[in-house]
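Trainee: Chains as they are written, first to last, in our numbering: chain U, 1 to 157; chain F, 158 to 314.
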DNA sequence: AGATAAAATGATATAACATAACAGTCAACG
DNA sequence: CGTTGACTGTTATGTTATATCATTTTATCT
């Protein structure tokens, strides 16, 4: 299966991602409005994560929009698990993998080119859950993000 | 007496933490100035992470201070590995363990009481590094944070 | 001690990220 | 066709972080 394997440089099939989202929303009786579609399309088309204000600027080229409107669209897309928030960048990125993955993926964020690679990592989390269980801690959400140089950037001059 | 509340039971001795920091800075020829000492002391005394503006407010009770001054102290303390940044809270917390730990710890952040437990997790990272190496990615820094309810809060009504 | 260079802090302004509150609009459904 | 609830618009403000330049403090050398 060679679905949109995004990584450094490679373009994402934005249209495919958006129509997948459309089907998913339809199936779950969620409203995939023009604004939500537009925001997701911008994220899917971008090789790197975008901030809410980045998104507002891009949408604004077509239609006047306030940041809060973008934030609302982002909130919806996050809830629908169609996008991820990259906390170390205060930015957002379209979800590369099929939705409904329970395990929070690891994100490899390149400090040079800014791209993000999404690495599913179930085993990784299984190991950790022992430690967490020992502490009696009940996890609700996780943030695992790694900064560094991606292979492409490291090879480059 | 002057043991500060830190609700996971592992209370921190603020004074001990500060004097440890003092020794460490002296050994490394770093300047442990009054402002840096004060900021670290506030963090060490707090059961939960504090934002830069929280810190500014607390320091301000004694002496007028601008946020940027606090940010500079935080930057120094982060570089010296005396504190951690909790990105999912935009806040900072004193480092519980001996300094010089290379492996980034996992932080268990309680959504109810707000406390943070710092869990060193070397094994955890060893597993992950294979995946990362396969991607040709050269990690520089990592963020592993987990939100949930701590044991105390979960037991409480 | 005085000169001086580097580091730290003060002061002000502004950038960047995010939410509150309320009014208006649109779509679904009885 | 009118009510309801979800979505969006608008304005304002809150929160987190950095830029810039002036001033003070500290370390070091002579």
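Each residue gets a CB set at the ideal place from its N, CA and C atoms; glycine is no exception.
All values derive from a computational prediction rather than experimental measurement.
Which full runs of the alpha helix (DSSP H) of 4+ residues lie inside the segment 166-218 of chain F, going along the chain?
Mentor: Taking only runs of at least 4 residues, the alpha helix (DSSP H) segments lying wholly in the segment 166-218 of chain F are 171-184, 191-202 and 209-217.
Trainee: Should the segment 215-223 of chain F be called in touch with the segment 237-247 of chain F, which here means at least 3 C-beta pairs below 8 Å?
Mentor: Contact fails: fewer than three Cβ-Cβ distances are below 8 Å.
Trainee: One question on the structure: do residue 271/F and residue 140/U come within less than 8 Å of each other, judged by their Cβ atoms?
Mentor: No, the pair does not count as a contact, with Cβ atoms beyond the cut-off.
Trainee: With a Cβ-Cβ cutoff of 8 Å, do residue 274/F and residue 265/F count as a contact?
Mentor: In this structure, residue 265/F lies closer than 8 Å to residue 274/F by Cβ.
Trainee: Could you give the residue range of the beta strand (DSSP E) that holds residue 298/F?
Mentor: It spans 295-306 - the beta strand (DSSP E) in which residue 298/F sits, taken as one unbroken run.
Trainee: Alpha carbon to alpha carbon, what distance is there between residue 71/U and residue 181/F?
Mentor: So the two alpha carbons sit approximately 44 Å from each other.
Trainee: Based on DSSP bridge pairs, tell me the residues matched to residue 249/F.
Mentor: According to DSSP, residue 249/F bridges with 207/F and 242/F.
Trainee: Return the chain-ordered list of same chain residues with a C-beta closer than 6 Å to the C-beta of residue 142/U, the five sequence neighbours on each side being excluded.
Mentor: Cβ neighbours of residue 142/U beyond the five flanking positions: 104.
Trainee: Give the single residue among 48/U, 134/U and 76/U whose Cα lies nearest to the Cα of residue 29/U.
Mentor: Comparing Cα-Cα distances from residue 29/U to each of 48/U, 134/U and 76/U, the minimum goes to 76/U.
Trainee: Please list the residues of the segment 292-314 of chain F that have a C-beta atom closer than 7 Å to any C-beta atom in chain U, keeping them in chain order.
Mentor: So the list reads 292, 293, 294, 295, 296, 297, 298, 299, 300, 301, 302, 303, 304, 305, 306, 307, 308 and 311, given in the order they occur along the chain.
Trainee: I'd like to know whether the C-beta of residue 280/F is nearer than 8 Å to at least one C-beta of chain U.
Mentor: Yes, because at least one Cβ of chain U sits closer than 8 Å to the Cβ of residue 280/F.
Trainee: Return the residue from the list 211/F, 291/F and 302/F that minimises the CA-CA distance to residue 151/U.
Mentor: Looking at the Cα atoms, 291/F is the closest of the given residues.
Trainee: Quick check on the burial criterion: 16 or more other C-beta atoms within 10 angstroms. Buried or exposed for residue 176/F?
Mentor: When all chains shown are included, residue 176/F counts as exposed.
Trainee: Compare the C-alpha of residue 199/F against each of 184/F, 254/F, 231/F and 281/F and name the closest.
Mentor: Residue 231/F is the option with its Cα nearest to residue 199/F.
Trainee: For the segment 41-59 of chain U, enumerate the residues whose C-beta is nearer than 9 Å to any C-beta of chain F, in chain order.
Mentor: Listed in sequence order: no entries.
Trainee: Given a threshold of 16 other Cβ atoms within 10 Å of its Cβ, counted over all protein chains shown, does residue 33/U qualify as buried or as exposed?
Mentor: Per the 10 Å Cβ criterion, exposed.
Trainee: May I ask you to list, following chain order, the residues of the segment 76-93 of chain U that have a beta carbon less than 8 Å from some beta carbon of chain F?
Mentor: Cβ contacts with chain F: 87 and 88.
Trainee: Got a sec? Which residues, its chain only, sit under 7 Å from residue 192/F by beta carbon, not counting five neighbours each side?
Mentor: Counting only Cβ-Cβ distances below 7 Å, and skipping sequence neighbours, we find 226 and 230.
Trainee: Look up residue 227/F in the DSSP assignment and say whether it is helix, strand or coil.
Mentor: Reduced to three states, the DSSP call for residue 227/F is helix.
Trainee: Assuming contact is defined by CB atoms lying nearer than 8 Å, are residue 160/U and residue 44/U in contact in what I supplied?
Mentor: In this structure chain U extends from 1 to 157, so residue 160/U is not present and cannot be described.
Trainee: Starting from residue 286/F, follow the alpha helix (DSSP H) in both directions and report where the run begins and ends.
Mentor: Per DSSP, residue 286/F belongs to the alpha helix (DSSP H) from 279-291.
Trainee: Helix, strand or coil for residue 113/U, going by three-state DSSP, please let me know.
Mentor: It is coil, neither helix nor strand.
Trainee: What residue from 238/F, 254/F, 213/F and 209/F has the CA that sits closest to residue 170/F's CA?
Mentor: Checked all of 238/F, 254/F, 213/F and 209/F; the closest Cα to residue 170/F is 254/F.
Trainee: Please compile the residues from chain U whose C-beta is within a distance smaller than 8 Å of the C-beta of residue 268/F.
Mentor: Here the neighbours are 140.
Trainee: Between residue 131/U and chain F, is the shortest Cβ-Cβ distance under 8 Å, so that the two count as touching?
Mentor: Residue 131/U counts as touching chain F.
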